[in-house]
Amino acid sequence: MKRAVLAVSVLLTLSAAVSCGNKKATIDPIEITAEEMQTAEEYKPIPTEAASAVVTEAADEMSDAGEGTEFKSGTASGNVYTSEYAGIKVTFPEDTALSDRAANEKELGKIWSKLDENSKNEQGNHITDLVANCKETTYVFQYYNTKLLFPDKNNVTAEEFMEQHIAYEGNEGIKTTSPEKITLGGKEYTKETVVIDQIDLELVYYARKIDDDFILVINSQGESGFDQTVLEKSIEAI
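Here you go:
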């Protein structure tokens with residue numbers, strides 16, 4: 026069974042969400058109560074290989090998925106995220122708290138030594154450039170290095186990436202849509218939606234190939250039925 030790497034990465038990133046100004050970034054839209062945890066456990070993505078139970082004692086350095094590439098981190102100012110690398114500008118609702126790459130990596134660094142090797146390897150394959158939290162929805166912008174993820178394959182497409190890394194088949198209570206094409210900010214993305222009924226969670230993925238090195242994946246998540254168009258209307262080209 027294919028594993029849902031993106032969902033794992035997103036949830037790990039959100040667990041390290043940071044304060045932005047006087048607003049604290051939270052993961053309220055996907056918070057699970059203690060009573061629900063036992064039930065929700067069966068809906069976690071199933072890895073093809075068991076994660077190591079051994080926790081690394083040494084706080085080794087995080088790898089940089091952008092090293093040796095043309096990747097350039099975006100900027101977060103107020104409620105606006107701009108990425109010259111991806112050629113986009115996103116204006117979020119005014120109540121949104123933005124955490125840029127530096128803030129996210131600082132928080133991840135605090136728990137780095139406690140992660141198992143499988144989690145560390147997954148984090149080393151991508152860059153979380155932005156986590157944006159508003160009252161009902163969380164948005165995560167991540168850039169995945171296809172050369173690290175697909176060392177034996179060139180010119181990986183967004184469709185191939187989604188097929189390999191977004192897969193929940195065989196899980197009861199989880200509904201997925203077929204991938205579709207959507208234009209955001211004048212660029213074509215591959216969109217796929219996942220709904221986990223048991224915990225009333227909806228995950229929406231947008232993937233776009235940037236260059237030979239990276240695919241941008243934007244993830245929106247909130248309660249089932251949240252307004253997906255808020256993000257879609259907020260993205261413009263620069």
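Adding 25 to a residue's 1-based position in the sequence shown gives its number in the working numbering.
Quick reminder that beta carbons are idealized off the backbone N, C-alpha and C, glycines included.
With H, G and I counted as helix, E and B as strand and the rest as coil, what does DSSP make of residue i?
i	result
GLU67	Because GLU67 carries a pLDDT of 45, less than 50, the predicted location of this residue cannot be relied on, and the following value inherits that uncertainty. DSSP places GLU67 in helix when its eight states are reduced to three.
VAL6	Outside the displayed span of the chain (26 to 263) sits residue 6, for which this structure offers no information.
ILE199	strand
LEU140	coil
LYS135	helix
ALA32	Residue placement at ALA32 is flagged as unreliable, the pLDDT there being 48, under the threshold of 50; a coordinate-derived value is accordingly withheld.
LYS97	coil
ALA128	helix
VAL79	Confidence in VAL79 is poor, its pLDDT being 39 and thus under 50, which makes the residue's placement unreliable; the coordinate value appears in the next sentence. The answer is coil: DSSP assigns VAL79 none of H, G, I, E or B.
GLU227	strand
GLU161	coil
LYS234	strand
ALA262	strand
MET87	coil
THR121	coil
With a threshold of 7 Å between beta-carbons, can residue i be considered close to chain C, or not?
i	result
GLY149	Given the protein chain composition of this structure (a single chain), no chain C is represented.
Hey, out of the options, whose CA is closest to residue i's CA?
i	options	result
PRO118	MET187, LYS206, CYS159	CYS159
GLU219	GLN189, THR116, GLN246	Inspection of the sequence shows that residue 219 is occupied by Val rather than by Glu. Among GLN189, THR116, GLN246, the Cα nearest to that of VAL219 is on GLN246.
TYR169	ILE260, THR94, GLU257	THR94
HIS151	PHE166, VAL181, ASN104	PHE166
LYS172	SER259, ILE260, ALA90	ALA90
SER138	ALA127, GLY99, GLU86, GLY103	GLU86
ILE199	LEU226, LYS206, ASP177, ASN179	LEU226
GLN239	GLU161, GLU147, ASP177, ALA111	Per the sequence shown, the amino acid found at residue 239 is Phe instead of Gln. Considering only alpha carbons, the answer is ALA111.
PRO176	GLU188, ASP237, VAL156	ASP237
GLU257	THR202, ASN129, ILE113	ILE113
LEU228	LEU209, THR208, GLY210, GLN253	GLN253
VAL156	LYS206, THR202, LEU209, VAL105	VAL105
GLN223	SER249, ASN143, LYS178, GLU147	SER249
ASN146	ASN179, LYS131, ALA127, LEU174	LEU174
LEU241	MET187, LEU140, THR202, THR201	MET187
Mind checking which residues open and close the alpha helix (DSSP H) that includes residue i?
i	result
LYS172	171-174
ALA183	183-190
Along the chain, where does the beta strand (DSSP E) containing residue i start, and where does it finish?
i	result
ALA101	100-102
PHE239	239-248
LYS206	205-209
ASP154	151-158
ILE113	113-116
ILE221	212-221
THR107	105-108
Assuming residue i contacts residue j (C-beta within less than 8 Å), just tell me the rounded distance between them.
i	j	result
VAL149	SER88	Position check: residue 149 holds Gly in this sequence, whereas Val was assumed. GLY149 to SER88, Cβ: 4 Å. Contact.
TYR164	ILE243	7 Å
LYS212	PRO204	Rounded, the Cβ-Cβ distance is 16 Å, inconsistent with contact.
PHE251	THR162	6 Å
THR153	ASN129	5 Å
Within 8 Å, do at least three Cβ pairs link the segment 177-190 to the segment 230-238? Under the 8 Å Cβ criterion, the segment 230-238 counts as touching the segment 177-190, having at least three qualifying pairs.
Between the segment 250-262 and the segment 195-205, do three or more beta carbon pairs fall short of 8 Å?
Too few Cβ pairs lie closer than 8 Å, so no.
Q.
Would you call the segment 117-133 in contact with the segment 96-104, where contact means no fewer than 3 C-beta pairs closer than 8 Å?
A. Touching, yes, given that three or more Cβ pairs across the two stretches are closer than 8 Å.
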